[in-house]
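Numbering (mature numbering (1 follows the signal peptide of the UniProt record, and there is no 0)), first residue to last: -23 to -1, 1 to 468.
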């Protein structure tokens, strides 16, 4: 009893002091530009770059962090976690609780029966609408009527534009159409003539960017929960941003119930037992999946080919060869896109060096031993560093840092697919991305349409830094000048 009384007395003394200190911290600024995720640096280097060097020097490309968590760039370990011993490696309570305010019980933040049901319903959504009809009805008009005219306007104005921002807006419009059946209209030919894009979709997009950044800034569980209680250190702003997001998601669900569009959300609307909150969580998780991953891959792709004219020329020759078999200049269809193997390799190679989601976390439900002999304690995480995996000479050869699409072809010239756990861009095992084929078709259709008509001249000669938010973005955006291809060729 005496020990308990002393402990209680200590808590009663410390809490008021902690409260007074925390109340003096700067109040959250809930207006203004989106919040920024703090980037973890060690000795002035981004964690991705620092950890890549450490993993290169570690036996089995695996090391144990001071926290007890395991960091790896070993394909056998990744396969063990994502596939072989999948049941022992759920998302984990720590990640789930930190993300729960935003993602709720959606597919990216849940395990067990809830995850199985959502994956099944998502799969039904993908099969309810053919890839061909999606490209024809949704993607082609977005390219022809919005993206290409916007780039033409950038050519005429000679203004510097942020290609990363353009691609993110385009991706947001795309996921809204295919997942929810409505036009968010975030991107239009005159979008970047405005000082600020306005409207519900723009407000949601800014709120989502802020919310993800603020959640990534949560570190120690006990601290961020206290900060949330007191409304300091970003938590008050996070609450407001989430309110905007939830309001947008609720409206999406209500509108979809009325119009019942043929979209990914439809099987969820027809499923029994899903309440309003669960449907809202589905919407938010779909937006997380489709909003930033494709735009990240394409940003780094265009960055890499901007300094490699030989690669650009090979892509154009492949496109020109396929274009010669048709009588119009419309956006390419599914079968034609499948023929573009060099373009497929060029995009795949870009994602090897710059994976859209560079870190994959899994929590060990029970004590486990990895294939390299490392022991994982119960409750600790295995962190797969995909950024480092693409830079391992043991996996990709001594030229692993070189962007070379040709590495994806065998001796006969056929595209060679890779073990998904050696190249886990779309994950592997039971959680393999259901939208992989659609993602490739979207990216290839966009690149083929753009590269036929335009070139991007990178503004500034400095090397582009990375930031994890949690997708891999280009730090500071991707400023470019847009030029017509014919003008550059004539020179």
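Note that beta-carbon positions come from the ideal geometry of N, C-alpha and C, so glycine has one too.
Status (buried if at least 16 other CB within 10 Å, exposed otherwise) for residue i
i, result
"residue 352", "exposed"
"residue 138", "buried"
"residue 452", "exposed"
"residue 250", "exposed"
"residue 376", "exposed"
"residue 332", "buried"
"residue 335", "buried"
"residue 36", "exposed"
"residue 15", "exposed"
"residue 297", "exposed"
"residue 346", "exposed"
"residue 18", "exposed"
"residue 39", "buried"
"residue 475", "Coverage of the chain is limited to positions -23 through 468, which leaves residue 475 absent and any answer about it impossible."
"residue 220", "exposed"
"residue 350", "exposed"
"residue 340", "buried"
"residue 440", "exposed"
"residue 244", "buried"
"residue 256", "buried"
"residue 344", "exposed"
"residue 131", "buried"
"residue 438", "exposed"
"residue 51", "buried"
"residue 158", "buried"
"residue 154", "buried"
"residue 32", "buried"
"residue 253", "exposed"
"residue 145", "buried"
"residue 233", "buried"
"residue 57", "buried"
"residue 69", "buried"
For residue i, the nearest candidate out of the options (CA to CA)
i, options, result
"residue 348", "294, 459, 47", "47"
"residue 222", "147, 411, 80, 340", "80"
"residue 113", "17, 30, 242, 415", "415"
"residue 320", "350, 382, 341, 283", "382"
"residue 25", "133, 248, 368, 78", "368"
"residue 271", "188, 141, 231", "141"
"residue 110", "21, 160, 312", "312"
"residue 362", "49, 402, 235", "49"
"residue 380", "399, 322, 359, 404", "322"
"residue 432", "279, 389, 316, 42", "279"
"residue 74", "199, 33, 45, 149", "199"
"residue 354", "11, 41, 20, 23", "41"
"residue 192", "78, 232, 231", "78"
"residue 150", "119, 216, 34", "119"
"residue 188", "146, 310, 264", "264"
"residue 283", "301, 460, 146, 239", "460"
"residue 262", "203, 92, 117, 61", "92"
"residue 11", "186, 295, 388", "186"
"residue 238", "371, 145, 160", "160"
CB of residue i within 7 angstroms of CB of residue j, strictly
i, j, result
"residue 88", "residue 67", "yes"
"residue 86", "residue 76", "yes"
"residue 275", "residue 422", "no"
"residue 211", "residue 194", "yes"
"residue 152", "residue 329", "no"
"residue 156", "residue 241", "yes"
"residue 449", "residue 273", "yes"
"residue 327", "residue 281", "yes"
"residue 456", "residue 443", "no"
"residue 218", "residue 184", "yes"
"residue 405", "residue 398", "yes"
"residue 229", "residue 259", "no"
"residue 115", "residue 401", "no"
"residue 316", "residue 299", "yes"
"residue 324", "residue 420", "yes"
"residue 386", "residue 358", "no"
"residue 413", "residue 462", "no"
"residue 407", "residue 63", "yes"
"residue 29", "residue 371", "no"
Beta carbon proximity, residue i to chain D, threshold 7 angstroms
i, result
"residue 374", "Absent from the structure is chain D; it holds one protein chain and no more."
The ligand COA heavy atom lying under 6 angstroms from the CB of residue i
i, result
"residue 405", "Here there are no bound small molecules, and the ligand COA is not part of this structure."
Contained beta strand (DSSP E) runs [length at least 3] in the region 310 to 366, N- to C-terminal order:
336 to 340, 358 to 362
The region 419 to 436 touching the region 384 to 402, judged by at least three CB pairs closer than 8 angstroms:
no
Is the number of C-beta pairs between the region 272 to 291 and the region 95 to 102 that are closer than 8 angstroms three or more?
no
Do the region 114 to 127 and the region 149 to 169 make contact, defined as three or more Cβ pairs closer than 8 angstroms?
yes
With three or more beta-carbon pairs closer than 8 angstroms as the criterion, would you say the region 217 to 235 touches the region 180 to 189?
yes
Ranges of the beta strand (DSSP E) found wholly within the region 378 to 444, counting only runs of at least 3:
431 to 435
Which runs of the alpha helix (DSSP H) fall wholly inside the region 111 to 170 and span at least 4 residues, in chain order?
125 to 134, 140 to 152
Alpha helix (DSSP H) runs contained entirely in the region 2 to 59, provided each spans 4 or more residues
24 to 33, 52 to 56
Any alpha helix (DSSP H) of 4 or more consecutive residues that is wholly inside the region 215 to 253:
243 to 247
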